[in-house]
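Chains A and B supply the protein sequences, listed in that same order. Residue 193, in our numbering, is where the first sequence stops; the numbers in between run on with no holes. Residue 193, in our numbering, is where the second sequence stops; the numbers in between run on with no holes.
There are 2 protein chains.
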Amino acid sequence: MKTAGKTHGTGCPVAHGLDTFGDRWTLLVLRDMILHGKRRYGELLEAEEGIATNILADRLKHLEAEGLITRVRDPQNRRSYLYGLTEKGLSLMPVIFEIIKWSAAHFPLTATRKRLLQRINEDSAGLIREIRAREAANPLP
Amino acid sequence: MKTAGKTHGTGCPVAHGLDTFGDRWTLLVLRDMILHGKRRYGELLEAEEGIATNILADRLKHLEAEGLITRVRDPQNRRSYLYGLTEKGLSLMPVIFEIIKWSAAHFPLTATRKRLLQRINEDSAGLIREIRAREAANPLP
Numbered sequence: 053m054k055t056a057g058k059t060h061g062t063g064c065p066v067a068h069g070l071d072t073f074g075d076r077w078t079l080l081v082l083r084d085m086i087l088h089g090k091r092r093y094g095e096l097l098e099a100e101e102g103i104a105t106n107i108l109a110d111r112l113k114h115l116e117a118e119g120l121i122t123r124v125r126d127p128q129n130r131r132s133y134l135y136g137l138t139e140k141g142l143s144l145m146p147v148i149f150e151i152i153k154w155s156a157a158h159f160p161l162t163a164t165r166k167r168l169l170q171r172i173n174e175d176s177a178g179l180i181r182e183i184r185a186r187e188a189a190n191p192l193p
Numbered sequence: 053m054k055t056a057g058k059t060h061g062t063g064c065p066v067a068h069g070l071d072t073f074g075d076r077w078t079l080l081v082l083r084d085m086i087l088h089g090k091r092r093y094g095e096l097l098e099a100e101e102g103i104a105t106n107i108l109a110d111r112l113k114h115l116e117a118e119g120l121i122t123r124v125r126d127p128q129n130r131r132s133y134l135y136g137l138t139e140k141g142l143s144l145m146p147v148i149f150e151i152i153k154w155s156a157a158h159f160p161l162t163a164t165r166k167r168l169l170q171r172i173n174e175d176s177a178g179l180i181r182e183i184r185a186r187e188a189a190n191p192l193p
């Protein structure tokens, strides 16, 4: 995807980042894996934004090609896959947290999201450790 | 643009943010205004990623509609416009800085970008103040 727009050659780190994850659906898939611990195709398809199955499949392939996630066959269902975050994918947490902080300043938040924002504002390092620990405790089979 | 994909209704702050600025070109235009102080259409068109003029025009319109930039007629050239960052646009600096930090960990940086990264790592609050002061010193006419 997005081959025509690739700008890895320009050397700008903003462009590098955007080429790798800077697509709305790509970041929403990462959000579901990072914040909600989703790891199955079916779970990711249930994103409340209503992602289409072909777009989800494309973005998962892209994320795997970019090394942000890995994929293994689900031992409980050999026709299906499990997806896990790599260190490169997990290290996007601060980007997602800053997006949340920015949005919170400009849009109303629900109570659940207010608690998440408070956690990010007060102890983002702790939240990052917690998410890393959750991933480490659930390695892909 | 992107009306079909709008998810403001879901209440997720990540989705809110991405609906507002989460398009690769939109963020590259903001990068040029924030980091390079560009404020003319012609300057923005010179982005090294090679933005097409119709895409630039579309993204500027989108940024203005979302309240991230404002636009006035250029008093020196009445057929042209000057673009300025609003507080809402300037407050995206931490998101852009985190993208730069993430990229720096995964892609090689040029010397100029290494200096920028060092500044962000050592004194991002100072850099934010400096960019805000530059904007305040050059208000749109």
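Note that CB positions come from ideal geometry on N, CA and C, so glycine has one too.
Compile a chain-ordered list of the residues in the segment 67–78 of chain A whose CB is closer than 9 Å to at least one CB of chain B. Ala67, His68, Gly69, Leu70, Asp71, Thr72, Phe73, Gly74, Asp75, Arg76 and Trp77
When DSSP labels each residue in this structure, what does B/Gly63 get in the three-state scheme? coil
Please report the distance separating the alpha-carbon of A/Glu139 from that of A/Ile180. 12 Å
What residues in its chain sit with their C-beta under 6 Å from that of A/Phe149, if we drop five residues either side in the sequence? Ile172 and Ser176
What whole-angstrom Cβ distance do B/Ser155 and A/Gly69 have, given they're in contact under 8 Å? 4 Å
Comparing the C-beta of A/Glu182 with each C-beta of chain B, is any distance below 8 Å? no
Cβ pair B/Leu115, B/Ile107 closer than 8 Å: no
Proximity to B/Gly136 [Cα-Cα], best of B/Leu168, B/His88 and B/Val66: B/His88
At the level of alpha carbons, what is the spacing between A/Asp110 and A/Glu98? 16 Å
Using the DSSP secondary-structure output, state which residues sit across from B/Arg125 in a beta bridge. B/Tyr133
Which bits of chain A does B/Arg165 rub up against, with CB to CB less than 8 Å? Gly63, Cys64 and Pro65
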